[in-house]
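Numbered continuously in this note's numbering, the sequence shown closes out at residue 219. Think of the CB as a built atom: it goes at the ideal place given N, C-alpha and C, for glycine as much as any other residue. Since the structure is predicted, the reported quantities are computational estimates derived from the model, not experimental observations. Down below is the structure, laid out as structure tokens.
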Amino acid sequence: MEEVAAVRRAALAAVDDVEPDRLRARIDARLDEASLAPGVLTLVSAGAARDPPADLADGVADRAAGVQLIYEGLSLTRQLARDDPWDGGDGETADLDILIADILVSRGFYLLARTDAADAAVSVVRSFGRDQTVQRTTGDERLEGALETDILELAVVAGVTAAGIRPTATLREYATGLAADGLPSNADLLAEDVADALRARSGTEQHAGDGTEAAADH
């Protein structure tokens, strides 16, 4: 799975200068164990929107890493909010994890900042904050998988805009549908039928201006 390896390499490279070594090692360990579905979908989307398919070395992998890092940071934040490790748990480790989450999200933003997916990335983070607040206060279980839905939508936006294609509504809907049962596996995303579906829904309309729409709000 060349795409999986490319996402992991780019994500690790983006945090390679984090210090001290103990902090970077903890980040590396989390990325080694992570589902790389958000990054993989970014690459698959870019490939589906290009003819010939996108070269993994031409900057698309950095976009994939940006999406992946934002997801990892927000996912860790969600985990800490649910587990509340400060209440009788290991507060020192929790404080370290908060720092890690901030680093991951900020590095992800850095990688996407000058791309047509920048606004969509901001929208994902805003939606995450709002959804977490609503879920804590209301217990609304419909928001349980909102992060996964939004991050896969961001993935296809980051992917197709790398090819100069405006993300269509049907493309966005397809991406959110992939998260119906949580993150799909890397193998599922690399199946040819997914690439075919993305290609059919990506359209051929080129960017006008920045060509970016924010990820769908809940």
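For Pro-185, is the classification buried or exposed, using 16 other Cβ atoms within 10 angstroms of its Cβ as the cut-off for buried?
Per the 10 Å Cβ criterion, buried.
Near Thr-78, what residues of its chain come up, given a Cβ to Cβ distance below 6 Å and the 5 sequence neighbours on each side ignored?
Result list for Thr-78: Ala-102, in chain order.
Using DSSP's beta-bridge definition, name the partner residues of Ala-181.
Gly-183.
Taking all protein chains shown into account, decide if Ser-35 is buried (16 or more other Cβ within 10 angstroms of its Cβ) or exposed.
Residue identity differs from the one stated: residue 35 is Ala in this sequence, not Ser. Per the 10 Å Cβ criterion, buried.
Around the Cβ of Ala-12, are there at least 16 other Cβ atoms within 10 angstroms (buried) or fewer (exposed)?
With 16 or more neighbouring CB atoms inside 10 Å of its own CB, Ala-12 falls in the buried class.
Could you work out which residue in Asp-22, Ala-82, Ser-203 is closest to Thr-134 when comparing CA atoms only?
In terms of Cα proximity to Thr-134, the closest of Asp-22, Ala-82, Ser-203 is Ala-82.
Hey, Ala-1 and Val-68: beta-carbon distance below 8 Å or not?
The structure shown does not extend to residue 1, since the chain is modelled only from 2 through 219, so no value can be given for it.
Keeping to the same chain, check which residues put their C-beta closer than 6 Å to that of Thr-43; ignore five residues upstream and five downstream.
Excluding positions up to five away in sequence, the list reads Arg-64, Ala-65, Val-68, Ala-156, Ala-159, Gly-160.
Return the CA-CA distance between Glu-226 and Gly-183, expressed in angstroms with no decimal places.
A query on residue 226 cannot be resolved here, the shown segment of the chain reaching from 2 to 219 and no further.
Assign Glu-149 to buried or exposed, taking buried as 16 or more other Cβ atoms, counted over all protein chains shown, within 10 Å of its Cβ.
Counting C-beta atoms within 10 angstroms of its own C-beta, Glu-149 has 16 or more neighbours from the protein chains shown and is therefore classed as buried.
Mind checking which residues open and close the alpha helix (DSSP H) that includes Thr-94?
Segment 92-113, the alpha helix (DSSP H) holding Thr-94.
Backbone secondary structure at Thr-138 - three-state DSSP:
Three-state result, Thr-138: helix.
Please report the distance separating the alpha-carbon of Ile-99 from that of Gly-92.
Taking the straight line joining both Cα atoms gives about 10 Å.
Could you check what DSSP says for Val-19 in three-state terms: helix, strand or coil?
DSSP places Val-19 in coil when its eight states are reduced to three.
Does the distance from the C-beta atom of Gly-130 to that of Leu-70 stay below 8 Å?
In terms of Cβ geometry, Gly-130 and Leu-70 do not form a close pair [threshold 8 Å].
Of the listed residues Pro-21, Asp-96, Val-41, nearest to Ala-7 (C-alpha basis)
Between Ala-7 and the set Pro-21, Asp-96, Val-41, the nearest pair of CA atoms involves Val-41.
Is Tyr-175 closer than 8 Å to Arg-202 when the C-beta atoms are compared?
At the C-beta level, Arg-202 and Tyr-175 come within 8 Å of one another.
Cβ-based neighbour list, Asp-17, same chain, cut-off 8 Å, excluding 5 preceding and 5 following
Excluding residues within five positions, the ones whose Cβ falls inside 8 Å are Arg-25.
Within the continuous alpha helix (DSSP H) that includes Ala-65, where are the two ends?
Per DSSP, Ala-65 belongs to the alpha helix (DSSP H) from 62-84.
Measure the beta-carbon distance from Val-125 to Asp-151 and round it to whole angstroms, keeping in mind my assumption that it falls under 8 Å.
Rounded, the Cβ-Cβ distance is 5 Å, consistent with contact.
Count the other C-beta atoms from every protein chain shown that fall within 10 angstroms of the C-beta of Glu-73, then say buried if there are 16 or more, exposed otherwise.
Counting Cβ neighbours within 10 Å, Glu-73 comes out buried, since at least 16 surround it.
Going straight from the alpha carbon of Ser-46 to that of Ala-196, what length do you get?
Per the coordinates, the alpha-carbon of Ser-46 lies some 7 Å from the alpha-carbon of Ala-196.
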